[in-house]
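>
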Amino acid sequence: MAALMQTEGLVRHFGGLRAVDGVDFRLEPGEIHALIGPNGAGKTTFVSLLSGRLPVQAGRITLAGQDITRLPAHARVRAGIAYTFQITSIYPRLTVFDNVALAVQSRGAADIAAGVAEALGRVGLTGLDAQEAGTLSYGHQRLLEVAMGLALKPRVLILDEPTQGLAAGEIEGFKALIRSLVPDTTILLIEHNMDVVMDLADRITVLNFGRVLAVGTPDAVRADPGVQDAYLGGHHAAG
Amino acid sequence: MAAVLALTAVGLNLVFGVMRVVNVAHGEFFMLGAIGAWFVTQYLPVPAAMAWIAALVIAPLAVGAIAALADVTVLKRLKYDPEATIVATIGLLYIFQQAALSFYGPDARPVAPPFHLRLQLPWFGYSGYKLFVVVAAAVILLGVWLMMTRTRAGLVMRATQVDRETARNFGIDVDRVYAGTFALGAALAAAAAVLIVPIQQAHYLMGHDPLLLSFIVVIIGGLGSLRGTLVAALIIGLSDGVISMFFSPTLAKIIATLAVALVLVFRPQGLFGAKE
Amino acid sequence: MTGGARIWALHLALVAVLFAALFVLPTYHATNLARIMVLAVFAMGYNLAFGYTGLLSLGHAMFFAAGMFAMGLPTWHWGWGGGPALLLGLVAGGAMAGAVGLLALRTAGVSFMIVTLMFAQAGYLTILYFGQVTGGDEGFVVEAAARSLFGFDLSSDVPRYLAALALFATALAGCLWLVRSPFGRVMVAMRENEERSRMLGYDPFRVKLAALVISGLYAGAAGAAYGLLFGYVGGSFATIQYSILPLLYVLLGGAGTVLGPFLGALAMFYLIDITSGFTSAWLFFVGAALVLLILFAPKGILGTIRERGARWLP
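Respectively, the protein sequence lines represent chains A, B and C. Take the first sequence: its position 22, counting from 1, is numbered 22 in this note's numbering, and each next residue is one higher. Take the second sequence: its position 107, counting from 1, is numbered 346 in this note's numbering, and each next residue is one higher. Take the third sequence: its position 49, counting from 1, is numbered 564 in this note's numbering, and each next residue is one higher.
1. Return yes when the Cβ of C/Gly-654 is within less than 8 Å of the Cβ of C/Gly-582, no when it is not.
2. Helix or strand or just coil, what does DSSP make of C/Pro-829?
3. Given a cut-off of 8 Å, decide if A/Val-77 and A/Ile-158 are closer than it, judged by their beta-carbon atoms.
4. Does B/Trp-362 pass the burial test, meaning 16 or more other C-beta atoms within 10 Å, or should it be called exposed?
5. Assess contact between the region 304-315 of chain B and the region 417-427 of chain B, defined as three or more Cβ pairs (one per stretch) separated by less than 8 Å. Is contact present?
6. Would you mind working out which of B/Ile-274, B/Ala-432, B/Val-243 and B/Thr-496 sits nearest B/Ala-338, comparing C-alpha positions?
7. Run the CB neighbour count on C/Arg-823, radius 10 Å, all protein chains shown included, and call it buried at 16 or more, exposed below.
8. Cα-Cα, which of C/Tyr-639, C/Ile-729, C/His-592 and C/Glu-710 is closest to C/Val-556?
9. So, does the CB of B/Gln-336 fall closer than 8 Å to a CB anywhere in chain C?
10. Could you tell me whether any Cβ in chain A is nearer than 8 Å to the Cβ of C/Pro-697?
11. Run down chain A in chain order and give the residues with a C-beta less than 7 Å from the C-beta of C/Tyr-717.
12. Straight-line CA distance for A/Gly-127 to A/Leu-120?
13. When the distance is taken between beta carbons, is C/Gly-738 closer than 8 Å to C/Gly-775?
14. Can a CB atom of chain B be found closer than 8 Å to the CB of C/Met-633?
15. For C/Glu-710, which residues in chain A fall below 7 Å Cβ to Cβ?
16. Roughly how many whole angstroms lie between the Cα atoms of B/Glu-322 and B/Ala-431?
17. Using C-beta distances below 6 Å, list every residue in its chain close to A/Glu-191, excluding the 5 sequence neighbours before and after it, in chain order.
18. Would you tell me roughly how many angstroms separate the C-alpha atoms of C/Met-705 and A/Asp-129, rounded to the nearest one?
19. Could you check which residue in C/Val-656, C/Ala-635 and C/Ala-619 has the C-alpha nearest to that of C/Ser-758?
20. Compare the Cα-Cα distances from C/Ile-809 to each of B/Leu-246, B/Leu-317 and B/Val-502 and report the closest residue.
21. Among the residues of its own chain, which have a CB less than 8 Å from the CB of C/Arg-721, if the five just before and after it don't count?
22. With 8 Å as the limit, tell me which residues of the region 616-630 of chain C have their beta carbon closer than that to any beta carbon of chain B; keep them in chain order.
23. Kindly indicate the opening and closing residues of the alpha helix (DSSP H) around C/Thr-649.
24. Can you tell me which residues form a DSSP beta bridge with A/Ala-58?
25. Give me, in chain order, the residues of the same chain whose beta-carbon lies closer than 6 Å to that of A/Asp-21; leave out the 5 immediate sequence neighbours on both sides.
26. Below 8 Å on C-beta distance, what does C/Leu-810 contact in chain B?
27. Check each candidate in C/Ala-535, C/Leu-525 and C/Ala-558 and name the one with the smallest Cα separation from C/Leu-763.
28. Is there contact between the region 134-154 of chain A and the region 100-109 of chain A, where contact requires at least three CB pairs shorter than 8 Å?
29. B/Leu-434: buried (16+ other C-beta within 10 angstroms of its C-beta) or exposed?
30. State the Cα-Cα distance for the pair B/Arg-506 and B/Gly-460, rounded to the nearest angstrom.
31. Does any CB atom of chain C fall closer than 8 Å to the CB of B/Ala-323?
32. Can you name the residues that DSSP bridges to A/Glu-118?
33. Examine the Cβ distances between the region 491-500 of chain B and the region 439-455 of chain B and report whether three or more of them are shorter than 8 Å.
34. Report yes or no: do the region 57-70 of chain A and the region 657-666 of chain C share at least 3 C-beta pairs separated by less than 8 Å?
35. Since B/Leu-314 contacts B/Val-257 with CB under 8 Å, what's their CB separation in whole angstroms?
36. May I ask you to report which of helix, strand or coil DSSP gives B/Ile-474?
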C-alpha cells in the first residue's frame with residue numbers, strides 16, 4: 001500500500017537546537033495517525049515542515065508520490081494538506097459564515113453557501129452563520145477551525161492538539177467527528193491526551209529529541225520499553 | 240554637513256531603536272530647533288556669541304519638551320502601534336510646520352554665528368565655524384554614546400529596547416523612558432539645527448531635506464544600529480557633495496531615494512543592523 | 516437576497532442625489548462636487564488597498580500622477596484625444612502599481628510604508644528631472660481640443676460634472692461589486708489574518724498585488740480624469756501631499772467602507788476650502804485632523820456607524 005505522505009531524513013534546526021533531526025515518516029491513506037512525544041520533542045516543528053509553514057533544511061517530503069519539499073505553504077494547501085493551528089487561528093472579526101466560506105472558496109466550489117452549510121453541519125455548528133467568530137466559546141472556535149479545515153476537502157488533515165481546552169463532552173463529540181472523516185480524509189494529529197490517542201489512533205509515531213522513537217499500533221507502542229522510559233513513565237495514564 | 244546629518248540621524252535612530260517608532264516629524268524638530276535659535280538670538284539682549292550658546296542650550300531643551308509632550312498626548316495613547324504612529328507623526332509634521340509658518344512667517348532668516356574665523360590652510364581657506372560644527376557634533380555624539388553605555392539612564396533605555404515587557408516587570412517606567420527617549424531624539428535634531436543654522440538660514444520648510452537624508456542614513460546604516468548610522472552618515476554626507484558635482488542635485492536625490500527603497504526591499508537590515 | 520438589493524439601492528440613491536445636485540447647486544459648489552467625485556475615486560482605490568486589504572501605502576500619489584501624465588503627455592505632445600488618453604491613464608496607474616508592487620510587496624508594515632513613500636518621492640523627482648518634457652513643477656495646460664468626450668466639451672460645467680459623475684458611479688459600482696465578491700472576502704481575510712489565509716491556500720503576494728493593481732487602476736483613472744476635466748497637469752500632484760490626502764479621506768470617511776472615501780473627500784475638501792480662506796497655514800488643519808482622527812476615531816464616520824449598529828454596511 002503506497003503511503004499517502006512520506007518524509008525521508010527530514011531535518012530542521014534553530015541555531016544549536018536540533019528540533020527535527022532526521023525523521024523518516026509514513027502516513028497511510030485513510031488512517032488516523034497520532035504523533036506523540038514529550039514537550040519539545042519536535043512535534044509542532046515537524047508538522048510545520050509538513051504543512052510548509054517552515055522551510056526544510058534537509059530531507060524530502062512527498063505527497064502521493066509527488067515531491068513537495070520546495071512547495072510553498074499555500075500551494076500545499078491546494079495540493080490537499082489542511083492544517084489547524086495549535087493556538088486557534090480564525091478570523092475573529094468575521095462571521096462564522098465568512099470564516100468557512102473562505103475555505104470553501106479556496107477549493108473552488110461553485111456553491112459557497114452549500115459548502116459552508118455542509119462543513120458547519122459536520123462539526124455541529126449549524127445555525128451560527130451570522131455570529132461573529134470572536135464571540136464564540138473557545139470550544140466552538142476550535143470546532144470552527146476544524147470546519148474550515150474540512151471545508152477544504154483535504155486529503156490530509158493535520159490537527160495540532162485539537163482537544164486542548166475542550167470539556168469532556170466536547171472531546172467525545174470530537175472523537176466521533178474524527179472517526180466519521182476517515183477513510184476519505186487521512187488524519188494526522190498531535191495530541192497529549194493519551195485517552196484520545198489510544199482510543200482514536202490506528203497507528204502512533206513517538207518523537208523524542210527530534211527523532212523517531214517508535215512507530216506502531218497503540219498496543220505495540222504502549223508496550224515498547226523505550227517509549228515507556230521516555231514518555232509514558234511505565235503507565236498508560238493520561239500525561 | 241555630514242556631522243550634522245549624523246547628529247540628526249542618530250536622534251531618529253534612537254527613537255526607532257528604543258521605541259520601535261518611525262517619527263516622520265523628525266525633520267520638524269530640526270526645523271523647530273533652528274527657529275528656536277533664531278528666536279533666542281533675536282530676543283536675548285546679550286552679545287551674539289553668548290546668545291548663540293544660550294540657543295544651543297535652550298532650543299534643544301524646548302524642542303525636547305515639545306517632543307515629550309507630543310509623546311505623552313499622542314503617541315502613548317496609540318500604544319505605539321507602528322502604522323498608527325506614522326500616520327500621527329505625519330499629522331504632527333503638518334502641525335509643527337504650519338505653526339512655524341504662522342508664527343514665524345514664510346521667509347528664511349539668518350542667524351549670526353557665534354564667531355567668525357577663517358583658517359588659512361595652504362590649499363584652501365576653511366571656515367573655522369564649520370570645523371567647530373564638526374567638533375561640536377562629535378562631542379555631542381560622544382556624550383550620547385557615553386550616556387547610552389555608561390550611565391544608568393542609558394542602561395535603562397537599552398533594556399527597554401531589548402524587551403519592553405521584561406523592562407516593565409523590572410519596575411522600569413516604560414512610558415517615562417519613551418517620553419525621555421523621544422525628547423532626546425528631538426533634542427539631538429534641534430541641536431544639530433542650531434549648529435547648522437548660522438551657515439544655512441532658518442526657514443519653516445527646512446525640515447524636509449534633513450528628514451529625507453536622516454531616513455536614508457538610518458535605513459542604509461541599519462535601523463537600530465548606532466555604528467551603522469554614523470558610517471552611513473559619513474558616506475552619504477560626503478558623497479552628497481561629490482555626486483552633486485557630477486550630476487544634478489535632483490538626480491542625486493532620485494538615486495538616493497531609490498537606494499533607500501531597494502535597501503529596504505532586499506537588505507532590510509541595512510549595513511550594520513541586526514536581522515530581526 | 517434582500518440585503519444585497521437594499522445595499523445597491525442605497526448606493527444608487529447617492530448617485531441619484533448627486534445627479535440631482537447638478538441642477539440645484541450654484542456653479543461654484545457644483546464644480547467643487549465634480550472635483551470631490553474624482554478625488555473620491557482616487558480615495559476609493561486607496562481604500563481597496565488600505566481599508567480592505569490592509570496595505571498602508573504612502574506612495575499613491577505616484578499612481579495618480581502616472582494616470583495624469585499618461586493622459587496629459589500624449590495629448591500635449593502627440594495630439595491624442597480625450598477618450599484614449601483617459602484609458603491610457605487608467606492603464607498607466609495599474610501598470611505602475613504592478614511594477615512597484617512587485618518590489619514593495621516583498622516588505623510589510625512600516626517597511627512597506629517607507630518603500631512606497633520612497634518610490635513616490637523618486638517618481639516626483641523624476642518628473643522634475645525631465646521637466647522639459649513634463650512641465651515639471653509648473654505643469655502645463657491640457658489642450659482644449661483634447662478636452663472633449665463623445666462630442667461633449669469637458670471644459671464647460673455641465674458636461675464636466677456629468678463626466679465626473681459617470682466616472683464616480685462606475686467606480687462606486689465596481690468597488691461595491693468587488694467588495695461583496697469572493698475576492699473581496701479574500702482581501703479582507705488577508706488583512707485580518709495573513710497566516711491563516713496562507714494556510715487556507717491563498718498566496719498572500721498574489722492577493723496583495725492584485726489589490727494594489729486594482730487600486731492603481733482607480734488612482735490612474737482619477738488622475739487622468741482630474742487632468743482632463745480641470746485642464747491642468749502638474750508635478751505637484753505627485754508630491755507626498757497627494758499620497759496623504761487619500762489616506763486622510765479614507766480615515767475620515769471610514770476605512771473599509773464603500774461610501775467612506777466619498778464622505779471623507781467631501782468633508783475634507785470643504786474643511787480645506789474653508790480654512791484656506793482665512794489662513795495660508797491650512798495644512799495645519801490637515802495635520803490636526805490626521806492626529807485627531809487616528810487618536811479618537813480611527814474607524815472614521817461610516818466605520819463608527821457600522822460598528823455601532825449598521826453591520827450590514829459594506
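Backbone N, C-alpha and C fix where the C-beta goes; we use that ideal spot for every residue, glycine too.
So, from the listed chains and residues:
1. Here residue 582 of chain C corresponds to residue number 67 of the third sequence, with the count starting at 1. Here residue 654 of chain C corresponds to residue number 139 of the third sequence, with the count starting at 1. No, the pair does not count as a contact, with Cβ atoms beyond the cut-off.
2. Along the third sequence, read from residue 1 onward, the residue named residue 829 of chain C stands at position 314. Correct three-state label for C/Pro-829: coil.
3. Against the first sequence, residue 158 of chain A aligns to sequence position 158. Against the first sequence, residue 77 of chain A aligns to sequence position 77. No, these two residues do not count as a Cβ contact at 8 Å.
4. Walking along the second sequence from the start, residue 362 of chain B turns up at place 123. Low confidence applies here, because B/Trp-362 scores a pLDDT of 45, under 50, leaving its location unreliable; read the following figure in that light. Classification of B/Trp-362: exposed, given that the 10 Å Cβ count is below 16.
5. yes
6. One-based indexing of the second sequence puts residue 338 of chain B at position 99. Looking at the Cα atoms, B/Ile-274 is the closest of the given residues.
7. Residue numbering aside, residue 823 of chain C sits at position 308 when the third sequence is read from its first letter. C/Arg-823 should be labelled exposed.
8. For the purposes of this step, residue 556 of chain C is taken as residue 41 along the third sequence, with counting starting at 1. It is C/Ile-729.
9. Looking up residue 336 of chain B in the second sequence gives position 97. Interface residue, yes.
10. What you label residue 697 of chain C is simply residue 182 of the third sequence in a count that begins at 1. Chain A contact via Cβ: present.
11. Locating residue 717 of chain C in the third sequence gives position 202, counting from the first residue. Correct list: His-74 and Ser-106.
12. On the first sequence, residue 127 of chain A is found 127 positions in, with the first residue counted as 1. On the first sequence, residue 120 of chain A is found 120 positions in, with the first residue counted as 1. Computed Cα separation, rounded: 8 Å.
13. Working through the third sequence from its first residue, we reach residue 775 of chain C at position 260. Working through the third sequence from its first residue, we reach residue 738 of chain C at position 223. No, Cβ-Cβ distance for C/Gly-775 and C/Gly-738 is not below 8 Å.
14. Along the third sequence, read from residue 1 onward, the residue named residue 633 of chain C stands at position 118. Yes, C/Met-633 lies at the interface with chain B (some Cβ there is under 8 Å from its Cβ).
15. Looking up residue 710 of chain C in the third sequence gives position 195. Correct list: Ser-89.
16. As a first step, residue 322 of chain B must be located in the second sequence, where it is residue number 83. As a first step, residue 431 of chain B must be located in the second sequence, where it is residue number 192. Computed Cα separation, rounded: 27 Å.
17. Sequence index remark: in the first sequence, residue 191 of chain A carries index 191 (1-based). Same-chain partners within the cutoff: Ala-34 and Val-197.
18. Translated into positions along the third sequence, residue 705 of chain C becomes position 190. Translated into positions along the first sequence, residue 129 of chain A becomes position 129. About 21 Å.
19. Taking the third sequence and counting its residues from 1, one reaches residue 758 of chain C at position 243. Checking every option, the nearest Cα to that of C/Ser-758 belongs to C/Ala-635.
20. Locating residue 809 of chain C in the third sequence gives position 294, counting from the first residue. Taking only the C-alpha atoms, the option nearest C/Ile-809 is B/Leu-317.
21. Numbered from 1 along the third sequence, position 206 holds the residue referred to as residue 721 of chain C. Cβ neighbours of C/Arg-721 beyond the five flanking positions: none.
22. Leu-618, Ala-619, Arg-621, Thr-622, Gly-624, Val-625, Ser-626, Met-628, Ile-629 and Val-630
23. The count along the third sequence starts at 1 and reaches residue 649 of chain C at position 134. Segment 646-649, the alpha helix (DSSP H) holding C/Thr-649.
24. Taking the first residue of the first sequence as 1, we reach residue 58 of chain A at position 58. A/Ala-58 pairs with A/Val-11.
25. By one-based count along the first sequence, residue 21 of chain A stands at place 21. Gly-210 and Arg-211.
26. Locating residue 810 of chain C in the third sequence gives position 295, where the first residue counts as 1. Simply Val-313, Arg-316, Leu-317 and Ala-327.
27. Counted from its first residue, the third sequence places residue 763 of chain C at position 248. Among C/Ala-535, C/Leu-525 and C/Ala-558, the Cα nearest to that of C/Leu-763 is on C/Ala-558.
28. yes
29. Here the question's residue 434 of chain B lines up with position 195 in the second sequence. Classification for B/Leu-434: buried.
30. Reading the second sequence from its first residue, position 267 is the one you call residue 506 of chain B. Reading the second sequence from its first residue, position 221 is the one you call residue 460 of chain B. Cα to Cα, B/Arg-506 sits roughly 11 Å from B/Gly-460.
31. On the second sequence, residue 323 of chain B is found 84 positions in, with the first residue counted as 1. By this cut-off, B/Ala-323 is an interface position.
32. Here the question's residue 118 of chain A lines up with position 118 in the first sequence. According to DSSP, A/Glu-118 bridges with nothing at all.
33. yes
34. no
35. Position 75 of the second sequence, counted from the start, is the residue given in the question as residue 314 of chain B. Position 18 of the second sequence, counted from the start, is the residue given in the question as residue 257 of chain B. Between B/Val-257 and B/Leu-314 the Cβ distance is about 13 Å, and since that is not below 8 Å, they are no contact.
36. If you number the second sequence from 1, residue 474 of chain B lands on position 235. The answer is helix: DSSP assigns B/Ile-474 an H, G or I state.
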